[in-house]
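A.B. asks: For the sequence shown, the UniProt record's numbering assigns the number 1 to the initial residue and increments by one for each residue that follows. The beta-carbon is built from N, C-alpha and C at its ideal position, and this holds for glycine as well. On a predicted model such as this, the values are computed, not experimentally measured, just so you know. First the structure, which I've put down as structure tokens, then a few questions once you've had a look.
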Amino acid sequence: MKLVSYWHDTAPAFSGGAQGPVEGHYDAAIIGGGFTGLAAARQLAKAGAKVAVLEAQRVGWGASGRNGGHLNNGLAHSYLSAKSELGKDRAIALYRALDSSVDTIEALVAEEGIDCDFRRAGKLKLASKPRHFEAIARNFEAVHAEVDPDTALLSAADLKSEIGSPFHGAMLSKKSAMMHMGRYVAGLATAATRHGAVIHENTVVTERKQVGSRHELTTSRGRVSADNVLVATGAYTTPNFDYFRRRIIAVGSFIIATRALSDTEIAATMPGNRTCVTSMNIGNYFRLSPDNRLIFGGRARFSATSDQRSDARSGQILRAGLAAIFPQLAKVEIDYCWGGLVDMTKDRFPRAGYHEGVWYAMGYSGHGAQLSTHLGMILADAMLGREDRNPLKGLEWPAIPGYSGKPWFLPMVGLYYKALDRIQ
Numbered sequence: 001m002k003l004v005s006y007w008h009d010t011a012p013a014f015s016g017g018a019q020g021p022v023e024g025h026y027d028a029a030i031i032g033g034g035f036t037g038l039a040a041a042r043q044l045a046k047a048g049a050k051v052a053v054l055e056a057q058r059v060g061w062g063a064s065g066r067n068g069g070h071l072n073n074g075l076a077h078s079y080l081s082a083k084s085e086l087g088k089d090r091a092i093a094l095y096r097a098l099d100s101s102v103d104t105i106e107a108l109v110a111e112e113g114i115d116c117d118f119r120r121a122g123k124l125k126l127a128s129k130p131r132h133f134e135a136i137a138r139n140f141e142a143v144h145a146e147v148d149p150d151t152a153l154l155s156a157a158d159l160k161s162e163i164g165s166p167f168h169g170a171m172l173s174k175k176s177a178m179m180h181m182g183r184y185v186a187g188l189a190t191a192a193t194r195h196g197a198v199i200h201e202n203t204v205v206t207e208r209k210q211v212g213s214r215h216e217l218t219t220s221r222g223r224v225s226a227d228n229v230l231v232a233t234g235a236y237t238t239p240n241f242d243y244f245r246r247r248i249i250a251v252g253s254f255i256i257a258t259r260a261l262s263d264t265e266i267a268a269t270m271p272g273n274r275t276c277v278t279s280m281n282i283g284n285y286f287r288l289s290p291d292n293r294l295i296f297g298g299r300a301r302f303s304a305t306s307d308q309r310s311d312a313r314s315g316q317i318l319r320a321g322l323a324a325i326f327p328q329l330a331k332v333e334i335d336y337c338w339g340g341l342v343d344m345t346k347d348r349f350p351r352a353g354y355h356e357g358v359w360y361a362m363g364y365s366g367h368g369a370q371l372s373t374h375l376g377m378i379l380a381d382a383m384l385g386r387e388d389r390n391p392l393k394g395l396e397w398p399a400i401p402g403y404s405g406k407p408w409f410l411p412m413v414g415l416y417y418k419a420l421d422r423i424q
């Protein structure tokens, strides 16, 4: 078993990073070489702007290369919950932004010729308990009537042709998609450089100072100045950006990938070949890979760290979870096990905008794979003086009281949600 991301291990390495010192002046400096930063860089460079991407590791090293491979439309919350918290207009706008995010990726993949196995698969929100199906049905009625007619409610009997496990029904979101995340991020980085962006990998930003209208960034490989700065680092945001650290909770998410399954095994487990998410608070998400592995993830441990030892321990928990849902795969070989950090906000709504001279997009709360590309392009357009299409503009983002970026409370949160799953 390899303790590395399947997406990293099975994608061509990006080879277009700039060599030599980091120096010069740019129209925009982007901190973070994931989907958000690379999409913004490509959009800016296409418009003729001089752009530098500063990535502490390599492109796609963080959440963009460590996720479950889903491009799900819809919200992290139920739509009814979002309406209650945000109001109907904002909830609809955010829901439609997620729809548009999948459209944006599909169009970008086609325009740039990125070979990443993009496919409209549809997503199943699976009811793990009968009362969960009742809640899913209520949410479906509102979604279907008010914001997304491309949805369907499936009974337990309907699911027999979709998944080889006894769930109590599901909501099908037909616009949802999937792709190979490693190939996409490498293709997106290559597209950004082809349009003129400069990407510096292994470049840690250690300090930012604003001098007049310019920003001066000190990095591990030199200094640059820029008229605009975009922080696109999510859960990997460093302490020198304290404003964001006090608002982002980094939570570990862990994933395993089986060996390639046979046609018979696929027919017995995932004949519908969709992205799937269970309804438990500490639930699981899964899909088939392009080479027919089952990619199975979840919050195996409530931790703010992800290293190979914690990944391996979490992998054992996930293997047990996989066997509980698919006993027919209880003894299947696990080829990959990896973890990553999810940038959660307190209310689990993402944030994007402009604060004290800095642009930002983060807090995706588990829905970043689809939304990040879209928001990166939207913020790039705002920098260029184009129409501001930010669906999150004006959404308040208070700091978490008593929190400085180290989520000591995560084990207690995990115990709380485990208790809820037992009684709900």
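(1) Using a threshold of 8 Å, state whether the C-beta atoms of S365 and V185 are closer than that.
(2) Please say whether A226 and G32 have beta carbons closer to each other than 8 Å?
(3) Report buried or exposed for Q43, applying the criterion of at least 16 other Cβ atoms within 10 angstroms of its Cβ.
(4) With burial defined as no fewer than 16 other Cβ atoms inside 10 Å of the residue's Cβ, what is the status of M171: buried or exposed?
(5) Considering Cα atoms alone, identify which of S220, Y360, G187 and A97 is closest to H200.
(6) For A82, I'd like the list of residues in its chain whose CB is within less than 6 Å of its CB, leaving aside the five on either flank, ordered along the chain.
(7) Rank L384, A361 and P350 by C-alpha distance to the C-alpha of H77 and give the top, closest one.
(8) How many Å lie between G68 and L80 at the Cα?
(9) Which first and last residues belong to the beta strand (DSSP E) in which Y354 is found?
(10) Distance, Cα to Cα, residue 444 vs E23?
(11) With a Cβ-Cβ cutoff of 8 Å, do P407 and A235 count as a contact?
(12) Kindly give me the distance between the Cβ atoms of N292 and L261, rounded to whole angstroms, as I take these residues to be in contact under 8 Å.
(13) From the DSSP output, in three-state form, read off L75 for me.
(14) Can you name, in chain order, every residue of its own chain whose Cβ lies under 6 Å from the Cβ of Y243, other than the five neighbours on each side?
(15) Determine the DSSP secondary structure at S253, reduced to helix, strand or coil.
(16) If you reduce the DSSP assignment to three classes, tell me which class Y416 lands in.
(17) Using the C-alpha atoms, what's the distance from L188 back to I114?
(18) Closest to S101 by CA distance: which of W397, I378, L395 and Y403 is it?
(19) To the nearest angstrom, how far is it from the Cα of A330 to the Cα of R66?
(20) With 16 as the cutoff for other CB atoms within 10 Å, does Y416 come out buried or exposed?
(21) Name the two residues that bound the continuous beta strand (DSSP E) containing residue 427.
(22) So, helix, strand or coil for L86, using DSSP?
(23) In this structure, how does DSSP classify N67 when only helix, strand and coil are distinguished?
(24) Hey, would you say F133 sits closer than 8 Å to G376, going by beta carbons?
(25) What is the residue span of the beta strand (DSSP E) that N139 lies within?
(26) Can you tell me which of the three DSSP states V53 falls into?
(27) With three or more C-beta pairs closer than 8 Å as the rule, is the segment 267-276 touching the segment 120-129?
(28) Quick check on R245: does DSSP put it in helix, strand or coil?
(29) Quick one: measure Cβ to Cβ for L159 and Y360, integer angstroms, because I've assumed they're closer than 8 Å.
(30) Answer yes or no: do S279 and I136 have a C-beta to C-beta separation smaller than 8 Å?
(31) Could you pull the start and end residues of the alpha helix (DSSP H) that D263 belongs to?
(32) Less than 7 Å between C-beta atoms, sequence neighbours within five positions excluded: which residues of the same chain meet that for R246?
(33) Can you tell me where the alpha helix (DSSP H) with A191 in it begins and where it stops?
(34) I need the DSSP call for I92, collapsed to helix, strand or coil.
(35) When you compare the CB positions of T151 and S165, do they come within less than 8 Å of one another, or not?
(36) At what residues does the beta strand (DSSP E) containing G339 begin and finish?
C.D. replies: Concretely, from the data shown:
(1) Residue numbering aside, residue 365 sits at position 365 when the sequence shown is read from its first letter. Residue numbering aside, residue 185 sits at position 185 when the sequence shown is read from its first letter. Not closer than 8 Å, so no.
(2) The residue labelled residue 32 in the question sits at position 32 within the sequence shown. The residue labelled residue 226 in the question sits at position 226 within the sequence shown. Contact: no.
(3) Here residue 43 corresponds to residue number 43 of the sequence shown, with the count starting at 1. Flag for Q43 reads buried.
(4) Numbered from its first residue, the sequence shown carries residue 171 at position 171. So M171 ends up on the buried side.
(5) Taking the first residue of the sequence shown as position 1, residue 200 is located at position 200. Looking at the Cα atoms, S220 is the closest of the given residues.
(6) Locating residue 82 in the sequence shown gives position 82, where the first residue counts as 1. Hits under 6 Å: L75 and A91.
(7) Residue numbering aside, residue 77 sits at position 77 when the sequence shown is read from its first letter. Residue P350 is the option with its Cα nearest to H77.
(8) Translated into the one-based positions of the sequence shown, residue 68 becomes position 68. Translated into the one-based positions of the sequence shown, residue 80 becomes position 80. Roughly 25 Å separates the two Cα atoms.
(9) Translated into positions along the sequence shown, residue 354 becomes position 354. R351 to H355 is the extent of the beta strand (DSSP E) around Y354.
(10) Since the first residue of the chain shown is 1 and the last is 424, residue 444 is not available in this structure.
(11) Locating residue 407 in the sequence shown gives position 407, counting from the first residue. Locating residue 235 in the sequence shown gives position 235, counting from the first residue. Cβ atoms of P407 and A235: not closer than 8 Å.
(12) Looking up residue 292 in the sequence shown gives position 292. Looking up residue 261 in the sequence shown gives position 261. N292 to L261, Cβ: 5 Å. Contact.
(13) In the sequence shown, the residue the question calls residue 75 occupies position 75. Coil at L75, not helix or strand.
(14) Sequence index remark: in the sequence shown, residue 243 carries index 243 (1-based). If we look at Y243 and ignore the five residues flanking it on each side, it has no Cβ neighbours.
(15) For the purposes of this step, residue 253 is taken as residue 253 along the sequence shown, with counting starting at 1. Correct three-state label for S253: strand.
(16) Working through the sequence shown from its first residue, we reach residue 416 at position 416. In this prediction, Y416 scores a pLDDT of 49, lower than 50, which makes its location untrustworthy; the coordinate-derived value is nonetheless stated afterwards. Under the three-state reduction of DSSP, Y416 is assigned to helix.
(17) Translated into positions along the sequence shown, residue 114 becomes position 114. Translated into positions along the sequence shown, residue 188 becomes position 188. Distance between the alpha carbons of I114 and L188: 8 Å.
(18) As a working mapping, residue 101 is identified with position 101 in the sequence shown. That would be I378, whose Cα lies nearest to the Cα of S101.
(19) Counting from one through the sequence shown, the residue named residue 330 turns up at place 330. Counting from one through the sequence shown, the residue named residue 66 turns up at place 66. A330 and R66 have their alpha carbons spaced roughly 24 Å apart.
(20) If you number the sequence shown from 1, residue 416 lands on position 416. Residue confidence for Y416 is low, a pLDDT of 49 falling below 50, so the modelled location carries little weight; the figure read from the coordinates is stated next. With fewer than 16 Cβ atoms within 10 Å of its Cβ, Y416 is classed as exposed.
(21) The displayed coordinates of the chain run from 1 to 424. Any statement about residue 427 would go beyond what the structure contains.
(22) Position 86 of the sequence shown, counting from 1, holds the residue named residue 86. In the structure shown, L86 sits in a helix (DSSP, three-state: H, G or I).
(23) As a working note, residue 67 is residue 67 in the sequence shown. In the three-state DSSP reduction, N67 falls in the coil class, being neither helix nor strand.
(24) Walking along the sequence shown from the start, residue 133 turns up at place 133. Walking along the sequence shown from the start, residue 376 turns up at place 376. Note that the C-beta distance between F133 and G376 is not below 8 Å.
(25) Here residue 139 corresponds to residue number 139 of the sequence shown, with the count starting at 1. The continuous stretches of beta strand (DSSP E) do not include N139, which lies in the alpha helix (DSSP H) extending over residues P130 to E146.
(26) Locating residue 53 in the sequence shown gives position 53, counting from the first residue. In the three-state scheme derived from DSSP, where H, G and I count as helix and E and B as strand, V53 is classed as strand.
(27) Enough Cβ pairs lie closer than 8 Å, so yes.
(28) Position 245 of the sequence shown, counted from the first residue, corresponds to residue 245. Here R245 sits in helix by DSSP.
(29) The sequence position of residue 159 within the sequence shown is 159, counting from 1. The sequence position of residue 360 within the sequence shown is 360, counting from 1. Not confirmed; about 40 Å, so no contact.
(30) Taking the first residue of the sequence shown as 1, we reach residue 279 at position 279. Taking the first residue of the sequence shown as 1, we reach residue 136 at position 136. Yes, they are a contact pair.
(31) Reading the sequence shown from its first residue, position 263 is the one you call residue 263. Per DSSP, D263 belongs to the alpha helix (DSSP H) from D263 to T269.
(32) For the purposes of this step, residue 246 is taken as the residue at position 246 of the sequence shown. A399, I400, Y403, S404 and G405, listed in sequence order.
(33) Residue 191 sits at position 191 when you count from the first residue of the sequence shown. M181 to R194 is the span of the alpha helix (DSSP H), which, as asked, contains A191.
(34) Taking the sequence shown and counting its residues from 1, the one referred to as residue 92 is at position 92. Residue state, collapsed to three classes: helix.
(35) Within the sequence shown, numbered from 1, the residue matching residue 151 stands at position 151. Within the sequence shown, numbered from 1, the residue matching residue 165 stands at position 165. Taking C-beta atoms as the reference points, T151 and S165 fail to come closer than 8 Å.
(36) Residue mapping note: residue 339 aligns to position 339 of the sequence shown, counting from 1. Counting along the chain, the unbroken beta strand (DSSP E) around G339 starts and ends at I334 to M344.
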